[in-house]
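S.K.:
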Amino acid sequence: MKITMIGTGYVGLVTGTCFAEFGHHVTCVDKIEEKIAKLRDGIIPIYEPGLDALVRKNVNEKRLRFTTDLEAAVPDADAVFIAVGTPTSRRGDGYADLTYIYEASREIAPHLSGYTVIVDKSTVPVGTARQVHRIISEQNPDADFDVASNPEFLREGAAISDFMRPDRVVIGVDNERAEQVLRDIYKPLYLIETPIVCTTIETAELTKYAANAFLAVKISFINEIANVCEAVGADITALAKAIGMDGRIGSKFLHPGPGYGGSCFPKDTLALMRIVQEYGENVHIVQAAVEVNAAQKARMVKKIRDSLGGSEAGKTIGVLGLTFKPETDDMRESPSLSILPALFEKGAAIKAHDPKGIEEAKKYMPEGIQYVENAYEAAADADALVLMTEWNQYRALDMERIRDAMRQPVFVDLRNVYDPETMKNLGFKYTGVGRK
Ligand code: UDX
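In this text, residue positions in the sequence shown follow this note's numbering: the first is 15, and each later residue adds one.
1. For K443, which of helix, strand or coil comes out of DSSP?
2. Along the chain, where does the beta strand (DSSP E) that runs through K365 open and close?
3. If I measure Cβ to Cβ from L53 and keep anything under 6 Å in the same chain, skipping five residues before and after, which residues do I get?
4. Buried or exposed: where does Q194 fall if 16 or more other Cβ atoms within 10 Å of its Cβ makes it buried?
5. How many angstroms separate the CA atom of I20 from the CA atom of R169?
6. I want to check one thing, is the minimum distance from the CB of K457 to the heavy atoms of the ligand UDX below 7 Å?
7. Determine whether the beta carbon atoms of I185 and I210 lie at a separation below 8 Å.
8. Grouping DSSP H, G and I as helix and E and B as strand, with all else coil, what is A398?
9. Please state whether DSSP places Q422 in a helix, a strand or coil.
10. Would you grab the beta carbon distance between A230 and F279 for me? Rounded to a whole angstrom, and I think it's under 8 Å.
11. Is any non-hydrogen atom of the ligand UDX found closer than 7 Å to the C-beta of I233, if you look at the structure I gave you?
12. Just to confirm the assignment, what range does the beta strand (DSSP E) spanning V40 have?
13. In whole angstroms, what separates the C-alpha of P155 from that of L84?
14. Under a Cβ-count criterion, where at least 16 other Cβ atoms within 10 Å of its own Cβ denotes burial, should R105 be classed as buried or exposed?
15. Expressed to the nearest angstrom, what Euclidean distance is found between the alpha-carbon atoms of D343 and E238?
16. Going along the chain, which residues of its own chain have a beta-carbon closer than 6 Å to the beta-carbon of R288, five neighbours each way excluded?
17. Note the first and the last residue of the continuous beta strand (DSSP E) segment covering S163.
18. Please report how far the alpha carbon of T330 lies from the alpha carbon of T22, in whole angstroms.
19. At 4 residues or longer, and completely inside the region 50-113: list those alpha helix (DSSP H) runs for me, N to C.
20. The beta strand (DSSP E) with L334 in it runs from where to where?
21. With a Cβ-Cβ cutoff of 8 Å, do P345 and Y378 count as a contact?
22. Less than 6 Å between C-beta atoms, sequence neighbours within five positions excluded: which residues of the same chain meet that for A227?
23. Using only alpha-carbon positions, find the residue among T221, I206, E207 that is nearest to T213.
24. Would a C-beta distance cut-off of 8 Å place A419 and S321 closer than the cut-off?
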């Protein structure tokens with residue numbers, strides 16, 4: 015099939031490349047000439063494991079190409095996916111900003127030729143697909159098209175395997191013709207028996223928000239229970255294991271930490287709260303999850319401060335990991351962006367390491383934070399070492415070397431990677447999250 019992907023951000027690039035890998039012919043369109051020029055040269059703007067090799071392979075095999083010429087990319091396509099950004103609105107009201115979606119719709123409309131399915135891939139509020147339909151009909155009353163919703167559930171750092179082996183694919187359509195086009199696009203997944211959940215357009219649009227909000231609630235829940243564990247002297251690791259074994263609860267997303275970040279949970283929880291307000295409804299539980307997440311980040315500042323004896327002023331803090339999760343260079347809404355500036359402003363010197371995120375971090379962190387080459391440099395002469403992001407390379411550090419390099423052996427493990435007993439035996443003053 016012929017697919018055009020509008021937007022070469024995270025979602026557009028991964029989705030377009032994976033569709034090409036399925037065997038479809040994919041044209042990825044973006045307005046930013048420099049980005050397209052780089053993509054043509056095989057330079058990928060984001061770090062996502064396996065993506066560069068997959069782009070190269072599909073470009074070489076002539077199933078994937080990059081262009082700024084939207085006009086030429088639309089007429090031949092069986093499906094045009096809209097995967098442009100939907101950031102939180104600058105008005106600060108939590109709404110998703112749909113400017114780029116509507117702009118793309120207006121630009122696609124005049125070039126449609128033959129039956130085409132326009133697919134919203136970006137996360138958009140309920141009702142957006144209907145708006146896209148209205149815009150295109152107004153611009154091009156003769157166009158033969160349908161609009162569908164096909165939310166993505168990709169996790170950064172695991173996006174390619176999530177795409178190739180999804181738990182399910184959700185397609186929201188309002189007729190069988192559009193459904194058939196989407197089923198044909200996802201046909202390669204039938205071989206591995208991936209369930210395709212076919213719903214109305216509104217249901218598909220809301221499904222994405224509901225899935226992300228549920229996961230955000232689950233994380234905030236376990237973070238709150240971790241705090242209760244600290245208060246009563248219980249252990250969250252054993253507790254999470256025990257409740258997770260209940261099939262109704264499930265063991266995933268029960269890892270306490272410094273709070274969730276990233277491009278989806280913070281943005282989509284706020285957007286959902288705003289959407290339901292318009293309908294006179296509430297999502298109290300989601301609102302609570304958002305509040306708990308903000309409190310969790312603040313609690314981490316206090317945890318680090320307490321580990322330093324009550325004040326960070328004049329102390330040196332080594333930091334392992336800056337990104338919101340491992341295997342990405344994405345700093346969006348990373349807990350480190352609120353935790354480290356809070357300590358820095360109170361007079362702490364900060365030496366941070368991250369395997370991929372330093373360049374991105376520099377854009378958002380206060381000037382004066384020092385960036386180092388590896389974990390051991392972060393530990394050198396530090397009064398405390400904070401494990402912020404659970405990159406694999408921090409999982410088996412030579413702890414004796416770390417201890418000997420530090421001014422005092424204080425280890426704050428915000429991801430519960432290390433065993434408290436072992437760390438204590440090595441002479442560390444160890445603090446985790448929700449552990450005795
Ligand atoms: C998420 C959803 O998982 C994905 O389906 C959706 O399409 C986009 O948003 P992503 O943001 O890439 O994906 O990362 P994810 O692995 O879900 O983690 C999000 C945040 O939650 C991270 O900050 C992570 O550290 C945190 N988290 C996750 C926890 O603190 N504890 C957990 O148990 C799981």
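Beta carbons are placed, not taken as given, at the ideal position from N, Cα and C, and that holds for glycine.
M.R.: Reading off the structure:
1. strand
2. 363-367
3. F80
4. exposed
5. 20 Å
6. The requested residue 457 does not occur in the structure, where the chain is confined to residues 15 to 450.
7. yes
8. strand
9. coil
10. 5 Å
11. yes
12. 39-43
13. 20 Å
14. exposed
15. 28 Å
16. G108, Y109
17. 159-163
18. 40 Å
19. 65-74, 84-87
20. 330-334
21. For the sequence presented, residue 345 should be read as Met rather than Pro. Taking 8 Å as the Cβ cut-off, M345 and Y378 qualify as a contacting pair.
22. T283, L286, V300
23. T221
24. no
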